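Okay, structure first, notes after.
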Amino acid sequence: MDTLAILVAAGRGERLGASLPKAFVPVRGQTLLRRSAAALAAARSVHALVAVVPEGCVERAREDLAGVPRLLAVVEGGARRQDSVLEGLKQAPDDFAGVVLVHDAARPFVDAAIVDEAAAAAATVGAAIPVVPIADTVKRVVGGRVAQTLDRSELFAAQTPQAVRFELLGRALEEAYRDGVTVTDEAAAVERLGEPVAVVDGHPRNRKITTPEDLAWAERMLQEGA
Ligand code: CTP
Ligand code: MG
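For the sequence shown, this note's numbering begins at 37 and goes up steadily by one.
Encoded structure:
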């Protein structure tokens, strides 16, 4: 089945606090955008790649992505992540009926196995996401008091790429838009429709660069020759 990867890079990166949008922050001489695009393009299942970048940054992103294989388009994103994904979806070929992989530009160390496994599972189930177990005990806190200790064996952290069949993803995001609902990931939009989302094994290396501490971790990873 054909697969289209949408690299969402249109966020501002407020928590990172850099002077430029997060996607353009370099780690050891190469931007998060370029690293994550190259990592995606290295996966056998990725047939085409669309990069969704901040307003006014299309030219800069095109230059940054020069030479990345299978780059189909670079477009501007929207206010929320789900709006950026919808902009990316518009670039799909008219007759496209495959799987869409939505990946955070902030996860530069995704490996091809995770990408391919998510794509394959979505082709069968409809949607699939990589997850990792949570190490800490998780509490529900209400009004400054612990209300509940959750069963950790049932809790996982979601990563990307989030893989969803094209038709299902379009329907899920359009319904969320129409209902005025903000979702934090694509799976949540699919779950709202009552459709199943499979899970595949994610990896601690596929961590999202969110804070300056995450960026320091990424620098160390590359220093260690990873
Ligand atoms: N993203 C996007 N469009 C938006 C918001 C986010 O394409 N309107 C992308 C980001 O560029 C990032 C991914 O979604 O690659 C995950 O989002 P996050 O880590 O929250 O990045 P930012 O929104 O940029 O960071 P922050 O929330 O700290 O501002
Ligand atoms: Mg954000």
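Note that CB positions come from ideal geometry on N, CA and C, so glycine has one too. Values in this document were obtained by computation on a predicted structure and should not be read as measured data.
- Close CB contacts of A234 within its chain, under the 6 angstroms cut and outside five residues either way in sequence, are with A157, V161 and A164 (chain order).
- Fewer than three Cβ pairs drawn from the stretch 166-176 and the stretch 70-81 lie within less than 8 angstroms of each other, which leaves the two stretches out of contact.
- If you check the C-beta of T246 against the ligand CTP, you find a heavy atom less than 7 angstroms away.
- In the DSSP assignment, the residues bridged to P169 are F192.
- Within 7 angstroms of the C-beta of E50 there is at least one heavy atom belonging to the ligand CTP.
- Of the other Cβ atoms in all chains shown, 16 or more fall within 10 Å of the Cβ of R70; this residue is therefore buried.
- Relative to the ligand MG, G47 has its C-beta within less than 7 angstroms of a heavy atom.
- Close CB contacts of V174 within its chain, under the 8 angstroms cut and outside five residues either way in sequence, are with T185, L186, R188 and L191 (chain order).
- Secondary structure at A234: strand, using DSSP grouped into helix, strand and coil.
- As the crow flies, the alpha-carbon of R51 is around 15 angstroms from that of L68.
- In the structure shown, the three-state DSSP call for A141 is coil.
- Counting C-beta pairs closer than 8 angstroms gives fewer than three between the stretch 212-222 and the stretch 88-106, which falls short of the contact rule.
- Contact annotation, V86 with L108: C-beta distance approximately 5 angstroms; criterion of less than 8 angstroms satisfied.
- In the DSSP assignment, T185 falls within the unbroken beta strand (DSSP E) covering R181 to T185.
- Shown here, I42 sits in a strand according to DSSP, grouped into three states.
- Contact holds between the stretch 245-255 and the stretch 140-151, because three or more Cβ pairs, one in each stretch, are under 8 angstroms apart.
- A direct Cα-Cα distance of roughly 33 angstroms separates E222 from Q259.
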